[in-house]
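Numbering (the UniProt record's numbering), first residue to last: 1 to 265.
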């Protein structure tokens, strides 16, 4: 499931393939961008912010206005992915799932099933609502804690998914953070050690930011990577109590959450 660490790693791979290189072919396969052609422009960088990914593209060589630069903004949502490879290699997904194709002299980057794909002239302004990015170089734990503490009655499991408070946590990390913090997802923020929770969140995502297999247990074996997420009915790795699954209201509707009813209070 794409969360902040997945997007960070995706941006890193795209940066190696695209940054500093000219686009020799672009193909936007969504109706509102169907006529866009960025061929000949240079990619300045690729970066992530929370779960959002930006491919910053310079303006045409003959452009005089600074605002001719654009950023290709994408969000993976649940099913999206960017796949990078040599030009001509057979795609690993069906062509009808491709939303954008970007080619340089050597590489091809294809965005499949992207939940959001748009061009922005001022991407930073468009995402001002986001909280501190857990994987940013300028990560601000004090600001993240302040934002969480501003909603003392909010269940911690709901607050962790609110990207306006801190950016990058998704459903997997939400469950894992609550387990490692020994707190039920329904515990109100006022009853949580917020600075410790913020620190734990940062450390978990940072440790996984470039891993091919996400783990919160420290074990990378396929069936041992997570403490509770996706393990309904299986024994807790600490106390052997069956893991339970519930639903908790979040931005955008109810979402499943996994927890140990004994280890978490």
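All C-beta atoms, glycine included, are put in the ideal place defined by N, C-alpha and C.
> Going by the CB atoms, is the gap between residue 123 and residue 73 shorter than 8 Å?
Replying inline: yes
>> I'd like the list of long-range same chain contacts for residue 189, defined as Cβ closer than 8 Å, with 5 residues on each side in sequence excluded.
In response: 148, 149, 151, 152, 153, 154, 155, 156, 159
> Buried or exposed: which applies to residue 240, given that a residue is buried once 16 or more other Cβ atoms fall within 10 Å of its Cβ?
Replying inline: exposed
> In three-state terms, what does DSSP make of residue 195?
Replying inline: helix
> What does a CB cutoff of less than 6 Å around residue 120 pick up in its chain, not counting 5 residues either side in sequence?
Replying inline: 71, 73, 126
> Just the Cα atoms here: how many angstroms apart are residue 87 and residue 80?
Replying inline: 21 Å
> Beta-carbon separation of residue 84 and residue 21 under 8 Å?
Replying inline: no
>> What does DSSP give as the partner residue(s) for residue 282 in the beta ladder?
In response: It is not possible to answer for residue 282, since the shown part of the chain is limited to 1 through 265.
> Taking the C-alpha atoms as reference points, what is the distance between residue 228 and residue 204?
Replying inline: 15 Å
> In or out: residue 4 buried (at least 16 other Cβ within 10 Å) or exposed?
Replying inline: buried
> Looking at C-alpha atoms only, which residue of 238, 23, 2, 48 is the closest neighbour of residue 57?
Replying inline: 23
>> Could you tell me the alpha carbon to alpha carbon distance between residue 65 and residue 37, rounded to whole angstroms?
In response: Below a pLDDT of 50, predicted positions are generally treated as unreliable, and residue 65, at 47, falls in that range; the measurement from the model is reported next regardless. Roughly 18 Å between the two C-alpha positions.
> Per DSSP, what kind of secondary structure is residue 229 in: helix, strand or coil?
Replying inline: coil
>> In the DSSP output, what is residue 16 paired with across the bridge?
In response: DSSP, once it has assigned bridges, lists no residue as partnering residue 16.
> Is it true that the CB of residue 109 sits closer than 8 Å to the CB of residue 17?
Replying inline: yes
>> What does DSSP give as the partner residue(s) for residue 43 in the beta ladder?
In response: 57
> Excluding sequence positions up to five away, which residues of its chain have a Cβ less than 6 Å from the Cβ of residue 48?
Replying inline: 7, 8, 11
> Nearest-angstrom Cα distance between residue 166 and residue 259?
Replying inline: 22 Å
>> Per the DSSP calculation, residue 249 is bridged to which residue(s)?
In response: 254
>> Cutting at 8 Å between CB atoms, please list the residues of its own chain near residue 225, excluding the five before and the five after it.
In response: 213, 214, 215, 216, 217, 219
> What alpha helix (DSSP H) runs, 4 residues minimum, are completely inside the region 111 to 162?
Replying inline: 123 to 126, 141 to 149, 156 to 159
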